[in-house]
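In mature numbering (1 follows the signal peptide of the UniProt record, and there is no 0), the protein residues as written are -25 to -1, 1 to 376. From the three backbone atoms N, C-alpha and C, an ideal C-beta is built for every residue, glycine too. Note that the structure is a prediction, hence the values are computed from the model and not measured.
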């Protein structure tokens, strides 16, 4: 009962406070209306104490209050049109107001520069394409004469990048497949074409790579001394498994490597040097190998790679291609004696044990650890074996009496 009386008293007090507050607000509103109706009238002296005593309550306007101008005119705020929403001036005006006055002019210059670079790149790409087409005019008769299939006809080339192009041919008894790759100057880039080209002596190059169906144990390489370090870095087996060939047939600008001192190897080297003697000023590298070393053993490679510089002479590419085909024919038919082949095979096995000593040791350790893990009996393995044994059908023995 006491609790109910307290609740009633609290409710009554709240109602009384609310009524007093409403009366005070009503008096305040009537006074303000009188003042607004007669702004020139002077306030009465008797009303001053009442005004001082009455509390003045001010309310802050909310964000969703109606604009007094719209309230007076009874206008309804219309949603913005789609044209206003996507108006670039309306969107960019806050950003442009914070930019310097010359921003529009500089931005226009930047766009013009980008467009000019795109046009220059397209012109450079077309220049490289025309360079390949001119070389292909002389290459195509040689390809059609020596190969049964030429890919991507009638163009006969594939653009890998804006400065890299490739030609593929196959269908010859001494060559399973052949790739002719053109790595031209990046004429689509102004920086590469006019600055880096002069600093690093960048030139247009052509690489002929042929895969042979059969090849005896021979490793022979010719490199230009300016690019010898790069060639050895890309083909480390040359530095580890070959010897420097001492011959007077090579110009002083080149160096040759061979995998043995036998006469048969020297004969092969002499033939290749004689065929390429005409193109030595343009030769960057020549590499022929039947296999390359790996930790598991020698992997069959059977490839001939010829890298040359191609200048403005369009007939040069066709002559080099014909020479490469002659070398491929000779390499396929080249053989060594059985005794020499056995010596080379034994030397290669010993070389693998030396070259990949650490890697072979690591592989053996990993195999040993894996074997120990497989032979180790764990509780899980025991449970699996028990389930497997229980799942087997019991053998029935028939007793004959």
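Inter-residue spacing [alpha-carbon to alpha-carbon] between residue 215 and residue 265: A straight-line Cα-Cα distance of about 16 Å links residue 215 and residue 265.
Sub-7 Å separation of residue 285 and residue 181 beta-carbons: It is a contact, given that the beta carbons lie within the stated cut-off.
C-alpha distance - residue 76 paired with residue 110, whole-angstrom precision: Those two C-alpha atoms are separated by around 53 Å.
Reduced DSSP category for residue 223 - H, G, I as helix; E, B as strand; rest coil: It is coil, neither helix nor strand.
Residue 361, DSSP secondary structure in three states: Correct three-state label for residue 361: helix.
Residue 81: first and last residue of the uninterrupted alpha helix (DSSP H) it sits in: 78 to 121 is the extent of the alpha helix (DSSP H) around residue 81.
CA-to-CA distance, residue 151 to residue 123, given in whole angstroms: Rounded to whole angstroms, residue 123 to residue 151 spans 11 Å at the Cα level.
Range covered by the beta strand (DSSP E) that runs through residue 186: For residue 186, the enclosing beta strand (DSSP E) starts and ends at 180 to 186.
Other residues of its chain near residue 389: CB distance less than 8 Å, five sequence neighbours each side excluded: Any property of residue 389 remains undetermined from this structure, which presents the chain solely from -25 to 376.
Assigned secondary structure, residue 177 (DSSP; H/G/I helix, E/B strand, else coil): Residue state for residue 177 is assigned as coil, using DSSP reduced to three classes.
Rounded separation between residue 252 and residue 320 - CA only: Roughly 31 Å between the two C-alpha positions.
Classification of residue 287 by the beta-carbon crowding that lies within 10 angstroms, buried from 16 upward: Counting Cβ neighbours within 10 Å, residue 287 comes out exposed, since fewer than 16 surround it.
Top-ranked residue by Cα proximity to residue 114, from 95, 102, 143 and 91: Comparing C-alpha distances from residue 114 to each of 95, 102, 143 and 91 shows the shortest one belongs to 143.
7 Å CB neighbourhood of residue 377 in its chain, flanking five on each side removed: In the structure displayed, the chain extends from -25 to 376; residue 377 sits before or after that span and is not available.
Own chain, CB closer than 6 Å to residue 100, minus 5 neighbours either side, in chain order: Closer than 6 Å at Cβ, skipping near neighbours: 137 and 163.
CA-to-CA distance, residue 273 to residue 292, given in whole angstroms: Distance between the alpha carbons of residue 292 and residue 273 is about 33 Å.
Neighbourhood of residue 171 by C-beta, 7 Å cutoff - its chain only, sequence neighbours within 5 removed: Residues 177 of the same chain have their beta carbon placed closer than 7 Å to that of residue 171, with the five preceding and five following residues left out of the count.
Between the CA atoms of residue 189 and residue 121 - distance to the nearest angstrom: Rounded to whole angstroms, the gap between the alpha carbons of residue 121 and residue 189 is 18 Å.
Close beta carbons around residue 364, own chain, < 8 Å, minus the five adjacent residues each side: Nothing listed; no residue qualifies.
Inter-residue spacing [alpha-carbon to alpha-carbon] between residue 358 and residue 344: CA-CA distance, residue 358 to residue 344, rounds to 23 Å.
Test: residue 209 CB closer than 7 Å to a CB of chain B: As a matter of chain content, chain B is missing from the structure shown, which is built from one protein chain.
Contact under 7 Å by Cβ, residue 259 with residue 167: For residue 259 and residue 167, no; Cβs fall outside 7 Å.
As assigned by DSSP and simplified to three states, the class of residue 139: Annotated three-state conformation of residue 139 is strand, per DSSP.
Residue 311 beta carbon less than 7 Å from that of residue 191: Yes, Cβ-Cβ distance for residue 191 and residue 311 is below 7 Å.
8 Å CB neighbourhood of residue 218 in its chain, flanking five on each side removed: Correct list, in chain order: 232, 233, 234, 235 and 236.
Nearest-angstrom beta carbon gap, residue 263 and residue 149 [assumed within contact, 8 Å]: Here residue 149 is actually not in contact with residue 263; their C-beta atoms are around 13 Å apart, not less than 8 Å.
Residues of its chain near residue 361, where Cβ-Cβ distance is below 8 Å and the 5 sequence neighbours each way are ignored: The beta carbon of residue 361 sits closer than 8 Å to none of the beta carbons in its chain outside the five residues before and after it.
Minimum C-alpha distance to residue 147 - residue among 131, 301 and 336: With distances taken between Cα atoms, residue 147 lies closest to 301.
Residue 276 to residue 116 span [Cα, whole Å]: Rounded to the nearest angstrom, the two C-alpha atoms are 29 Å apart.
Per-residue DSSP class, three states only, for residue 158: Under the three-state reduction of DSSP, residue 158 is assigned to strand.
Euclidean distance between Cα positions of residue 239 and residue 102: Whole-angstrom Cα-Cα distance: 46 Å.
Continuous beta strand (DSSP E) assignments of at least 3 residues falling wholly in the segment 279 to 361: Entirely contained in the segment 279 to 361, not one beta strand (DSSP E) run reaches 3 residues.
Continuous beta strand (DSSP E) stretch holding residue 198: start and end: For residue 198, the uninterrupted beta strand (DSSP E) run begins and ends at 194 to 199, by DSSP.
Close-in-space but distant-in-sequence residues of the same chain around residue 366 (CB under 8 Å, 5 per side omitted): Correct list: empty, nothing qualifies.
Endpoints, beta strand (DSSP E) assigned at residue 396: Nothing can be reported for residue 396: it is not among the residues displayed for the chain, which extend from -25 to 376.
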